[in-house]
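One structure is given below, encoded as structure tokens.
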Amino acid sequence: MTSRVSFAGLLVVGLTGLTLAGIGEAAAVDYPTRPVRWIVGYPPGGTTDILARLIGQYLSDKLGQQFVVENKPGAGNNIGTEAVVHAPPDGYTVLLVNPANGINTSLYKKLPFNFPRDIAPVGGIARVPNVMEVNPNVPAKTVAEFIAYAKANPGKVNMASSGNGTSVHLSGELFMAMTGVKMTHVPYRGAAPALTDMIAGQVHVLFDNLPSSIEHIKGGTLRALAVTTEARSDALPGIPTVAETVPGYEASAWFGMGAPKDTPPEIIAVLNKAINEALADPTMQARLADLGGAPMGGTPADFGKVMADEVAKWKKVVEFSGATVE
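Numbering-wise (the working numbering), the sequence shown opens with residue 13 and increments by one.
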């Protein structure tokens, strides 16, 4: 049977393709023409919120439209992520991507979305250490002393976290798995409420992202025992790494911007360029250094590789620790 396609039909298909391509290009020329929602999956005051507001202010000034940080806490960052997954792919809703996005892919047994598939990479912002810190009333002043203290008080040491599935949570789980220490996990809906209870002495230890804790450490309301990265942090001179006491231990937090899949590449390119310009700004670099962060930058593809690598890395940590969330 011979198939017939009219010239008019081919012309319509061709024009449709040109029109769709033109829409993305035209949108990028004008983008943004209204405020952009930047979704953060945690309450105000944590590292994700701090970085979103810091970079968001630069983007607002650079691109001429407000980048409005919208906090959507809950379910270990999944509520905020799902809101972006289901948002129109037009560049007006973006996500502050963070370690929980990589961790939750394997930690949660059932998720209504697939992070690597449903979130398009826009650009990397920063990597930061986590810091193992205690309330000053805890007698331990070193990692070794803390291990001895926790083993002498099994089940009595409360380990706070910013929520199930965060790097803060998994850093603590990895510490327990590698040291044999038994602690009671107390998850919060973000770093800010966890820090409030840490300072009040309701919980004892926290493996927090450094930016949200550094001022409390400098002010003496929390005591830093160690950072979780392979190398020491310039932001905390004299503070050792966990690995100096627990060989092989390493964990770090990474942050960037993502968008709903199918967001036009022209719009992603506009955002990526502005993020890289922000990270090249000396004032921004100094602020990130004060927070203990190192700029990432790079192309959307570069950040996509980071996302994929982190999903694979934290899958191993989840399996190693035995942690799971239904």
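Beta carbons are placed, not taken as given, at the ideal position from N, Cα and C, and that holds for glycine. Remember, it's a predicted structure, so these values are computed and weren't measured experimentally.
Annotation for residue 332: the continuous alpha helix (DSSP H) segment containing it runs 312-333. Between residue 290 and residue 43, the CB-CB gap reaches or exceeds 7 Å. As the crow flies, the alpha-carbon of residue 273 is around 5 Å from that of residue 130. Per DSSP, the beta bridge partners of residue 197 are 171. Between residue 308 and residue 137, the gap from beta carbon to beta carbon is short of 7 Å. Under the DSSP assignment, residue 220 falls outside any alpha helix (DSSP H), being part of the beta strand (DSSP E) whose first and last residues are 217-221. Boundaries around residue 94 are those of the alpha helix (DSSP H), 90-97, since no beta strand (DSSP E) includes it. About 21 Å separates the beta carbons of residue 77 and residue 56, which is beyond the 8 Å limit, so they are not a contact pair. About 10 Å separates the beta carbons of residue 211 and residue 145, which is beyond the 8 Å limit, so they are not a contact pair. If you draw a straight line from the Cα of residue 207 to the Cα of residue 224, it is about 9 Å long. The residues 49, 51, in chain order, have a CB closer than 6 Å to that of residue 82 in the same chain once the five nearest residues on each side in sequence are set aside. Between residue 107 and residue 337, the gap from beta carbon to beta carbon reaches 7 Å or more.
Rounded to the nearest angstrom, the gap between the Cα atoms of residue 241 and residue 173 is 18 Å.
Under the DSSP assignment, residue 114 falls in the alpha helix (DSSP H) whose first and last residues are 111-119.
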